[in-house]
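S.K.:
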Amino acid sequence: MVPIETDDVTVKPAEPIDPFEVLTAFKRRGMKKNCHKDVDASKDSARFNRAWAALIDSGYIRREGNQHTFELTEKGHTALNQGGLLERGDAQ
Numbered sequence: 001m002v003p004i005e006t007d008d009v010t011v012k013p014a015e016p017i018d019p020f021e022v023l024t025a026f027k028r029r030g031m032k033k034n035c036h037k038d039v040d041a042s043k044d045s046a047r048f049n050r051a052w053a054a055l056i057d058s059g060y061i062r063r064e065g066n067q068h069t070f071e072l073t074e075k076g077h078t079a080l081n082q083g084g085l086l087e088r089g090d091a092q
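First residue of the sequence shown? That's 1 in the UniProt record's numbering, and the numbers climb one at a time after it.
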């Protein structure tokens, strides 16, 4: 992504949020609604929601019960213990 520059302003496109940072924040905070604070995003931001959806789609986090309760999977715990996502291409 290329920044847009004028004489007065430079606009830089937002960087994607690293899904592993979201996973780490979820482990630390325990709830989706709180972990966005650790990755410097609002809970409704598209960047945060893309990273969150990628973690669910890749099997690091799963919905438990109702739609607003989540938990780490075994794969999520393993990734945290190893310090990174397990497979290339996971959660991107």
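All residues carry an ideal CB built from backbone N, CA and C; glycine is no exception.
1. Just reading off the beta strand (DSSP E) that residue 64 is part of, what are its end residues?
2. Return helix, strand or coil for residue 85, following the three-state DSSP convention.
3. Suppose the cutoff is 6 Å on Cβ atoms and the five residues either side in sequence are ignored; what does the same chain contact list for residue 19 look like?
4. Since I believe residue 60 is in contact with residue 76 (beta carbons under 8 Å), could you give me their beta-carbon distance rounded to a whole number of angstroms?
5. Exposed or buried, residue 25, counting other C-beta atoms within 10 Å across all chains shown (16 or more means buried)?
M.R.: A quick look at the data gives this:
1. Taken as a continuous stretch (DSSP letters only), residue 64 belongs to no beta strand (DSSP E), as it is neither H nor E.
2. In the structure shown, residue 85 adopts coil according to DSSP, grouped into three states.
3. 51, 54, 55, 91.
4. Sure, about 4 Å apart at Cβ, within 8 Å.
5. Buried, since its Cβ has 16 or more Cβ neighbours within 10 Å.
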